[in-house]
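Engineer: Numbering (this note's numbering), first residue to last: 119 to 317. If you scroll down you'll find the structure; I have some questions about it.
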């Protein structure tokens, strides 16, 4: 054995003995006992569907508290608009024969009925009027987004159009924020507890 190999062998031997055993590092202490560490779990944000469903549930509960029949009816008729972008994307299929994408008849039927990409998720038909009684806002369109997401370009375009046409349009990442906007928009004095922040 050459001198260099002998020196290298000595270094490896001292390195091996000076390192702690597998039990001493990581999950175990030097006595071999398991270390107690807080479990770090990343909880994903709530789904857009869950936030939207919570908002609609809140609106229905708030409707029952209204003395004004118009406010009650507006909240009862607060409604969802099918999201065309999701439906058409989910309905895209690939032909087994040609390997090319195509749109099945059900999606084509929905598109023929007026399914449009970019339209907001919810609509509240509650106009705002000024002191003279003139309408200043025709209604409120609401787009729900999962926390961390933003509206797509086509959704921004539709919201911008609705604002130009006299509607209020906004996007929200939680049912609580959207409910607070509805309270402010309708100037509600009585309403159900705002949905809790989740995630």
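We treat Cβ as the ideally placed atom computed from N, Cα and C, and that holds for glycine. Here the structure is a predicted model, which means the values were calculated and not measured.
Within the same chain, show all residues whose beta-carbon is closer than 7 Å to that of residue 169, passing over the 5 residues directly before and after it, in chain order.
Structural biologist: What you label residue 169 is simply residue 51 of the chain shown in a count that begins at 1. Here the set comprises 262, 292 and 293.
Engineer: Under three-state DSSP, which class holds residue 294?
Structural biologist: The residue labelled residue 294 in the question sits at position 176 within the chain shown. Residue 294 falls in the helix class under three-state DSSP.
Engineer: Determine the DSSP secondary structure at residue 252, reduced to helix, strand or coil.
Structural biologist: Along the chain shown, read from residue 1 onward, the residue named residue 252 stands at position 134. Looking at residue 252 - three-state DSSP - the assignment turns out to be coil, as it is neither helix nor strand.
Engineer: When you compare the CB positions of residue 164 and residue 266, do they come within less than 8 Å of one another, or not?
Structural biologist: For this step, residue 164 is matched to residue 46 along the chain shown. For this step, residue 266 is matched to residue 148 along the chain shown. No, the pair does not count as a contact, with Cβ atoms beyond the cut-off.
Engineer: Which residue's Cα is closest to the Cα of residue 240: 275, 296 and 251?
Structural biologist: Taking the chain shown and counting its residues from 1, the one referred to as residue 240 is at position 122. Answer by Cα proximity: 296.
Engineer: What is the rounded straight-line gap between the Cα of residue 278 and the Cα of residue 147?
Structural biologist: For the purposes of this step, residue 278 is taken as the residue at position 160 of the chain shown. For the purposes of this step, residue 147 is taken as the residue at position 29 of the chain shown. Whole-angstrom Cα-Cα distance: 60 Å.
Engineer: Checking 8 Å against the spacing of the C-beta atoms, do residue 237 and residue 301 come in under that value?
Structural biologist: As a first step, residue 237 must be located in the chain shown, where it is residue number 119. As a first step, residue 301 must be located in the chain shown, where it is residue number 183. No; because the gap between Cβ atoms is not below 8 Å, this pair is not in contact.
Engineer: Determine the DSSP secondary structure at residue 141, reduced to helix, strand or coil.
Structural biologist: Reading the chain shown from its first residue, position 23 is the one you call residue 141. At residue 141, the pLDDT of 47 sits below 50, so the modelled position is not reliable and the matter cannot be decided from this model.
Engineer: What beta strand (DSSP E) runs, 3 residues minimum, are completely inside the segment 217-244?
Structural biologist: Segments of the beta strand (DSSP E) lying fully in the segment 217-244: 240-242.
Engineer: Return helix, strand or coil for residue 258, following the three-state DSSP convention.
Structural biologist: In the chain shown, the residue the question calls residue 258 occupies position 140. In the structure shown, residue 258 sits in a strand (DSSP, three-state: E or B).
Engineer: Does residue 281 come out as helix, strand or coil in the three-state DSSP assignment?
Structural biologist: Position 163 of the chain shown, counting from 1, holds the residue named residue 281. Helix.
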